[in-house]
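Here's the structure we're looking at; comments come further down.
There are 2 protein chains.
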Amino acid sequence: MKATMKDIAQKTGLGLATISKYMNGGHVLEKNRIAIEAAIEELDYTVNEFARGLKTNRSKTVGVVIPQLNNIFMTSIITNVEEVLRRHGYGILVTDTGKDEEREEEAIRFLLRKKVDGLFIIATSKEVKILDVVLKNQIPVVVVDRKIERLEGITDTVLVENFQVAKKTVQYLIDHGHTKIGLLIGSRETYTSRRRMDGYREAFKENHIPIQEEWIATADFTVQGGYESTKRLLKEKEPITALFATNYEMTLGALLALNERGISIPEQVSLIGFDNPDLAKAMRPKLTLVSQPIEEIGKSAAKLLLERMELRETGKGKTIVLNASLEEGASVLKRINEK
Amino acid sequence: MKATMKDIAQKTGLGLATISKYMNGGHVLEKNRIAIEAAIEELDYTVNEFARGLKTNRSKTVGVVIPQLNNIFMTSIITNVEEVLRRHGYGILVTDTGKDEEREEEAIRFLLRKKVDGLFIIATSKEVKILDVVLKNQIPVVVVDRKIERLEGITDTVLVENFQVAKKTVQYLIDHGHTKIGLLIGSRETYTSRRRMDGYREAFKENHIPIQEEWIATADFTVQGGYESTKRLLKEKEPITALFATNYEMTLGALLALNERGISIPEQVSLIGFDNPDLAKAMRPKLTLVSQPIEEIGKSAAKLLLERMELRETGKGKTIVLNASLEEGASVLKRINEK
DNA sequence: CTCCGAGAGCGAAACGTTTCGCTCGTTTTC
DNA sequence: GAAAACGAGCGAAACGTTTCGCTCTCGGAG
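Top line first, the protein sequences correspond to chains A and B.
Note that the numbering used here has the first sequence beginning at 9, numbered continuously upward.
Note that the numbering used here has the second sequence beginning at 9, numbered continuously upward.
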């Protein structure tokens with residue numbers, strides 16, 4: 009039915025090995041090249057990836073393990089990873105763990121069976137034990153966004169400097185006279201959330217300002233969570249004067265809640281958001297926010313993995329730390345007569 | 009290195025064919041079954057999917073072609089599709105076309121090379137000519153959410169009844185005394201947007217109410233677009249009294265814009281949103297919205313494709329049309345003294 | 001007691017590549 | 001001008017499955 013290399017060899021009068029060589033970018037005589045190309049065109053030949061894989065043991069496919077797909081940050085990373093990899097002939101097999109540790113393990117096992125050449129993971133569980141199996145199979149892994157402590161120095165990692173930027177952001181609020189600052193984080197277990205929270209705490213500590221634990225709200229990384237937590241924060245006895253939301257969805261939720269309550273930004277409550285500069289710029293007042301280099305995260309991770317796969321290394325413990333930046337808008341009020 | 013069937017055969021003293029039979033769910037004698045399982049365990053054997061694929065010509069992988077990943081509707085579908093397919097041993101190869109027709113074609117060609125067993129597509133271009141090649145290769149295609157007219161009766165399709173629900177929604181607004189109704193759609197080219205817009209027009213027509221073209225705003229399916237378009241609508245000379253946003257992101261954008269302007273819902277402007285009942289329920293006032301059966305879309309599409317792949321059919325032109333429903337909240341005001 | 005059929009197991013031939021170790025002819029080098 | 005070096009092409013042996021057409025065994029029907 010479908011044409012094979014043998015057919016091309018027959019048609020051109022060349023040997024099988026020569027066709028194979030051509031198909032893999034090798035040099036053949038000009039006249040043979042033309043003949044081969046003509047035959048390919050005529051027979052509509054394409055390499056059979058199964059046979060190729062059987063010989064080379066590469067699928068030209070990588071796995072992506074993500075906690076949940078309902079989140080702009082995650083999907084932006086996927087988009088960028090996909091773009092870079094596809095350009096290099098790699099497809100991405102996406103799996104969603106639904107933030108469940110068991111499903112995470114299942115997903116990775118599944119990808120292993122599918123013979124992926126490499127793996128990206130934004131981890132759900134702390135240890136991700138199953139990754140040991142992956143590494144034993146010589147499959148390179150790039151850990152993205154959430155560090156897996158026990159694998160430091162073993163797998164490659166791409167992270168954002170969350171601690172410093174969070175600290176700096178809170179410092180910025182403190183410098184503007186705020187001491188009652190709400191914080192919206194995803195959960196207390198997630199690496200990035202913890203880092204951001206630690207930065208928050210550190211800023212308070214350095215300024216010798218006491219923290220109220222109620223100011224720290226876990227909002228599940230969702231719009232809804234941000235909305236509800238913000239409402240809760242507004243009801244606290246010690247009313248906050250500023251709010252820092254640590255992802256895009258929670259930022260939207262906070263905005264909705266504040267607006268709905270008729271609380272003006274920044275006059276009554278100052279707000280600092282996260283990600284998505286486009287929206288922030290369009291808004292009035294222009295939103296001050298922490299901007300992560302989302303595109304770069306995906307692209308760096310992709311390039312790192314590509315390199316490992318090309319060289320058939322499993323990873324060298326290289327860690328790329330990217331900086332997020334605080335982009336000043338007009339959503340933070342300078343409080344003068346603070347007491 | 010890695011164990012093969014031959015090793016299992018050797019270890020158990022059985023023939024290769026018997027092991028293969030076992031691996032594919034065939035019956036073997038109890039004592040052999042035990043021996044095989046022990047050997048598999050001991051040698052840590054797994055089937056080599058490349059070799060299997062070479063023989064069977066199936067990759068147990070399907071392609072997913074999506075216009076853009078930054079959209080809850082799209083990602084929810086992927087999530088559901090992935091869940092169902094993975095349970096059946098299929099992986100999903102996700103490609104993002106970035107709403108570009110050329111990239112859409114490229115993506116499909118790419119998936120073809122990757123030897124996917126089936127394809128889901130939420131189409132970017134109107135014709136998607138390249139699908140002819142896919143079908144010629146006997147690969148079943150399920151068209152999701154956006155009908156491809158020329159393939160009616162050829163590929164299977166899963167759609168939402170957009171026209172009726174949009175008409176009904178607008179009728180609902182009209183019944184509540186609104187005649188100046190803004191509409192946020194994604195673009196004028198997209199199938200779903202057109203259907204929703206047609207429903208909107210039809211409702212006006214049936215009620216003999218004139219439409220102002222300026223009320224129809226294209227907002228690119230994004231929060232930002234919804235936000236900006238809503239602001240624009242609020243500035244029109246003929247001020248709208250109601251707004252219908254036709255996806256989740258644009259709904260959020262509209263909410264932001266309305267709240268920011270201090271326009272109370274529903275007293276000054278009534279709002280009907282789209283998708284994501286969770287947020288809608290949490291909000292005050294509870295948002296009236298059109299709810300699409302997102303989970304069902306993904307699951308139906310997945311089941312449909314699974315069936316085709318199992319039976320090695322390429323599709324029979326079956327169309328599943330799911331109903332969206334109007335869920336009443338408190339974000340629409342009944343205008344009494346309309347004139 | 002014989003015969004038959006079902007069930008289990010087997011051997012070997014594919015599937016379509018890549019790659020190793022050759023040969024052969026042409027070009028370069030001293 | 002001979003030897004060496006090089007580039008191009010080739011044949012054949014893998015890679016690890018599935019599957020076709022067998023054989024063999026055993027139990028039950030007649």
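For every residue, glycine included, the Cβ atom is placed at its ideal position computed from N, Cα and C.
Residue i - DSSP class collapsed to helix/strand/coil
{"i": "B:Phe-229", "result": "coil"}
{"i": "A:Ser-201", "result": "helix"}
{"i": "A:Val-36", "result": "coil"}
{"i": "A:Val-173", "result": "helix"}
{"i": "B:Gly-190", "result": "strand"}
{"i": "B:Ser-237", "result": "helix"}
{"i": "B:Thr-327", "result": "strand"}
{"i": "B:Ile-16", "result": "helix"}
{"i": "A:Ala-338", "result": "coil"}
{"i": "A:Ala-250", "result": "strand"}
{"i": "A:Ile-344", "result": "coil"}
Contact with chain A by residue i, beta-carbon distance below 8 Å
{"i": "B:Gly-194", "result": "no"}
{"i": "B:Asn-267", "result": "yes"}
{"i": "B:Ala-59", "result": "yes"}
{"i": "B:Lys-14", "result": "no"}
{"i": "B:Thr-87", "result": "yes"}
{"i": "B:Glu-346", "result": "Low confidence applies here, because B:Glu-346 scores a pLDDT of 46, under 50, leaving its location unreliable; read the following figure in that light. No, its Cβ sits nowhere closer than 8 Å to a Cβ of chain A."}
{"i": "B:Thr-226", "result": "no"}
{"i": "B:Ile-44", "result": "no"}
{"i": "B:Thr-163", "result": "no"}
{"i": "B:Ser-84", "result": "yes"}
{"i": "B:Asp-206", "result": "no"}
{"i": "B:Ile-80", "result": "yes"}
{"i": "B:Leu-279", "result": "no"}
{"i": "B:Thr-54", "result": "yes"}
{"i": "B:Leu-341", "result": "no"}
Beta carbon proximity, residue i to chain B, threshold 8 Å
{"i": "A:Arg-121", "result": "yes"}
{"i": "A:Asn-32", "result": "no"}
{"i": "A:Leu-263", "result": "yes"}
{"i": "A:Leu-77", "result": "yes"}
{"i": "A:Arg-118", "result": "Correcting the residue identity first, residue 118 of chain A is Phe in this sequence and not Arg. A:Phe-118 counts as touching chain B."}
{"i": "A:Thr-254", "result": "no"}
{"i": "A:Asp-286", "result": "yes"}
{"i": "A:Thr-177", "result": "no"}
{"i": "A:Leu-260", "result": "yes"}
{"i": "A:Leu-51", "result": "no"}
{"i": "A:Leu-62", "result": "yes"}
Residue nearest to residue i in terms of C-alpha spacing, selected from the options
{"i": "A:Arg-269", "options": "A:Ile-328, A:Lys-243, A:Asp-283", "result": "A:Lys-243"}
{"i": "B:Asn-255", "options": "B:Gln-18, B:Glu-275, B:Thr-198, B:Leu-313", "result": "B:Thr-198"}
{"i": "A:His-96", "options": "A:Gln-76, A:Thr-69, A:Leu-119", "result": "A:Thr-69"}
{"i": "B:Lys-295", "options": "A:Lys-123, A:Ile-116, A:Leu-264", "result": "Residue 295 of chain B is actually Leu in this sequence, not Lys. Residue A:Leu-264 is the option with its Cα nearest to B:Leu-295."}
{"i": "B:Ser-339", "options": "B:Ala-309, B:Lys-137, B:Phe-252, B:Leu-330", "result": "B:Phe-252"}
{"i": "A:Ser-201", "options": "A:Ile-217, A:Pro-218, A:Ala-290, A:Glu-169", "result": "A:Glu-169"}
{"i": "A:Gln-300", "options": "A:Asp-286, A:Leu-312, A:Leu-313, A:Ala-262", "result": "A:Asp-286"}
{"i": "B:Leu-159", "options": "B:Gln-172, B:Val-178, B:Ile-138", "result": "B:Ile-138"}
{"i": "B:Gly-306", "options": "B:Gln-220, B:Val-329, B:His-184", "result": "B:Val-329"}
{"i": "A:Ile-116", "options": "A:Gln-18, A:Ala-211, A:Val-72", "result": "A:Val-72"}
{"i": "B:Asp-183", "options": "B:Ser-84, B:Glu-222, B:Ile-217, B:Tyr-30", "result": "B:Ile-217"}
Using Cβ-Cβ distances below 7 Å, what residues of the segment 228–251 of chain A are close to chain B?
Identification of residues in the segment 228–251 of chain A having a C-beta nearer than 7 Å to some C-beta of chain B yields Val-231, Gln-232, Tyr-235, Glu-236, given in sequence order.
Let me know the beta strand (DSSP E) ranges lying completely inside the segment 272–319 of chain A, each 3 residues or longer, listed in chain order.
278–282, 296–299
Can you pull out the residues from the segment 91–104 of chain B whose beta carbon lies closer than 9 Å to at least one beta carbon of chain A?
Glu-91, Arg-94, Gly-97, Gly-99, Ile-100, Leu-101, Val-102, Thr-103, Asp-104
Can you give me, in chain order, the residues of the segment 121–145 of chain B that have a beta carbon less than 7 Å from any beta carbon in chain A?
Arg-121, Lys-122, Lys-123
What are the uninterrupted segments assigned as alpha helix (DSSP H) that are 4 or more residues long and contained completely in the segment 19–103 of chain B, given in chain order?
24–31, 38–51, 57–64, 80–95, all fully within the segment 19–103 of chain B.
Against chain A: residues of the segment 288–302 of chain B by CB proximity under 8 Å
Ala-290, Met-291, Arg-292
Any beta strand (DSSP E) of 3 or more consecutive residues that is wholly inside the segment 109–191 of chain B
126–129, 149–152, 164–168
Short of 8 Å Cβ to Cβ, which residues in the segment 309–329 of chain B face chain A?
none
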